[in-house]
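Asker: Structure below; questions to follow.
Residue numbers (this note's numbering): -13 to 54.
Take a look at the structure:
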């Protein structure tokens, strides 16, 4: 808590989006991933808790199964 955390995201095929949510489902950070690039997201978590990461892009027929 209180320290920067770096997420590095990339994708092999289509554009993806990643959102980080607090336990009460408030979006606190987001980043896009594009084929051929590695994008970085640096975020400082100010509260303890269990955060969730969800895909934020509709990219084909599989997205309803993301997170399963």
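Note that CB positions come from ideal geometry on N, CA and C, so glycine has one too.
Treat the numbers as computed from the prediction; the structure is a model and nothing was measured.
Provide the residue span of the beta strand (DSSP E) that contains residue -3, from first to last.
Answerer: Reading the chain shown from its first residue, position 11 is the one you call residue -3. Premise fails: residue -3 is in no beta strand (DSSP E) and is neither H nor E.
Asker: Taking C-beta to C-beta, are residue 31 and residue -13 nearer than 8 angstroms?
Answerer: Taking the chain shown and counting its residues from 1, the one referred to as residue 31 is at position 45. Taking the chain shown and counting its residues from 1, the one referred to as residue -13 is at position 1. The answer is yes: Cβ separation under 8 angstroms.
Asker: In the DSSP assignment, what are the bridge partners of residue 3?
Answerer: Position 17 of the chain shown holds residue 3. According to DSSP, residue 3 bridges with 18.
Asker: Given that a residue counts as buried once 16 or more other Cβ atoms are within 10 Å of its Cβ, and exposed if not, what is residue 36?
Answerer: Here residue 36 refers to the residue found at position 50 of the chain shown. With fewer than 16 other Cβ atoms within 10 Å, it is exposed.
Asker: Give the DSSP-derived three-state secondary structure of residue 38 in the structure shown.
Answerer: Position 52 of the chain shown holds residue 38. Strand, per DSSP.
Asker: How close, in whole Å, do the beta carbons of residue 7 and residue 14 come, if the pair is a contact with beta carbons under 8 angstroms?
Answerer: As a working note, residue 7 is residue 21 in the chain shown. As a working note, residue 14 is residue 28 in the chain shown. Indeed they touch by this definition, with Cβ atoms about 7 angstroms apart.
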